[in-house]
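Working notes, beginning with the structure itself.
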Amino acid sequence: MISIIFTAWSTPGIALLIVALQGVSLAQAVGVFIFSSALIVLFGLTGISDRLIKYIPVSVAAAILAGILLKFVLAVMPAVYQQPIIAGSLVIAFFVLRYLTPRFVFFWVLLLALGLPALMQDLDFTQLSFSMPAWVWVWPEFDLSLMIGIGIPLFVVTMVSQNLPGIMMLRSNGYAPPMSPLLTTTGLAGLILAPLGAFAINLAAITAAICQSPDVDPDSSQRYKAAVAGGIFYLLAGLASSVIVGLFLMLPAAVTATIAGLALLPVLSSNMFKAFSDADNQLPPILAFLTTASGTHFFGINSSFWGLLIGIVAFYLARHFKAKQAVK
1420 MISIIFTAWS TPGIALLIVA LQGVSLAQAV GVFIFSSALI VLFGLTGISD
1470 RLIKYIPVSV AAAILAGILL KFVLAVMPAV YQQPIIAGSL VIAFFVLRYL
1520 TPRFVFFWVL LLALGLPALM QDLDFTQLSF SMPAWVWVWP EFDLSLMIGI
1570 GIPLFVVTMV SQNLPGIMML RSNGYAPPMS PLLTTTGLAG LILAPLGAFA
1620 INLAAITAAI CQSPDVDPDS SQRYKAAVAG GIFYLLAGLA SSVIVGLFLM
1670 LPAAVTATIA GLALLPVLSS NMFKAFSDAD NQLPPILAFL TTASGTHFFG
1720 INSSFWGLLI GIVAFYLARH FKAKQAVK
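Structure, rendered in structure tokens:
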């Protein structure tokens, strides 16, 4: 059986690189990208990931994904406060159209997101531009201190903030692909494409979660079509990247935040249910959820890692104490 897995670039990774690559040449940066991708390949080939993933409870996985999504959904209300007419109309339209035309709700919401600001003359047309993408090959330059100082953190951030949430999201939605081949494949893709600027290719988490929600199709075996459509759109979006970026920059920031929050609201809801549906074992997922949602970076490591660690420890401690009480 062929599985279709949504991949993406690491958003936390680019946040790290914006700061870490200051003063670093492009050739040296490509060397860092290759080193980080090689570590991911090594991690996949050894099979360690598949052994580790078996010990991650589904409730904790769902709680971590919910914690990641929470900040995007919470941004909707401040957006409504800033732009009450436009953002408020988008929220109302979302809830009404969700029942009338559930499959096309975001198509109509996007049309409204463009149409309402246009009517109110609240669009910044100076942001629009068009230019075709150009492929430029950059030969790598390997600097040991940069590979250790930036490459290893990039590897850790990509694994913790993207690949682990990505595989946990798959598990929380009832899919259980082996992780090692996924890491090996995405890591090899990163190795090959690094000289073209690909700093990290990894499992998608948030965008893939949207494609795996019940809103896509009640039949979970048919949701791969959303991933295929998403991949095709990615290709088209890459060709028209300057126009798409310009369109979102043209919109008021509050409108963009509202669209993102509404898109992720159903995904947040379903993961909250999966995380806390077991009334007898809610403490581990709530600890994982709160730690992840806090956004705290201990020792420079993303909060989703600490949420995962705390959630797993709490889960197995609770199971241990329950087993001891059962024996008594």
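Its first residue numbered 1420, the sequence shown is counted upward by one per residue in this note's numbering.
For every residue, glycine included, the Cβ atom is placed at its ideal position computed from N, Cα and C.
- Restricted to the segment 1422-1453, the beta strand (DSSP E) segments that are unbroken, complete and at least 3 residues in length are 1426-1428, listed in chain order.
- Considered as a whole, the segment 1565-1631 harbours 1620-1622 as its complete beta strand (DSSP E) runs of no fewer than 3 residues, in chain order.
- DSSP places Phe1549 in the coil class of the three-state scheme, outside both helix and strand.
- With a cutoff of 9 angstroms on beta-carbon distance, Phe1425 and Ala1646 are scored as near each other.
- Counting other Cβ atoms within 10 Å of its Cβ, Pro1536 reaches 16 or more and is therefore classed as buried.
- Secondary structure at Phe1462: helix, using DSSP grouped into helix, strand and coil.
- Counting only the Cα atoms, Gln1502 lies some 36 angstroms from Ile1620.
- Residue environment for Asp1562: buried (at least 16 other C-beta atoms within 10 angstroms of its C-beta).
- Under DSSP, Phe1491 forms no beta bridge with any residue.
- Per DSSP, reduced to three states, the secondary structure at Arg1642 is coil, with no helix or strand assignment.
- Exclusion of the five residues before and after Ala1595 leaves Leu1589 as the residues of its chain whose Cβ lies within less than 8 angstroms of its Cβ.
- In this structure, Ala1481 lies away from Ile1705, with their beta-carbon atoms at least 9 angstroms apart.
- Judged by DSSP secondary structure, Trp1527 falls within the alpha helix (DSSP H) whose first and last residues are 1524-1538.
- The three-state secondary structure of Thr1520, taken from DSSP, is coil.
- Taking C-beta separations shorter than 6 angstroms and ignoring five residues to either side along the sequence, the partners of Gly1507 in its chain run Val1499, following chain order.
- Excluding sequence positions up to five before and after Val1492, its CB lies within less than 6 angstroms of the CB of Gly1680, Leu1683, Leu1684, Leu1687, all in the same chain and listed in chain order.
- In the three-state reduction of the DSSP assignment, Gln1701 falls in the coil class.
- Going by C-alpha positions, Val1460 is about 23 angstroms away from Ile1625.
- When the beta-carbon positions are compared, Ser1639 and Asn1592 come within less than 9 angstroms of each other.
- Contact check for Thr1677 against Leu1530 fails: the beta carbons are separated by 9 angstroms or more.
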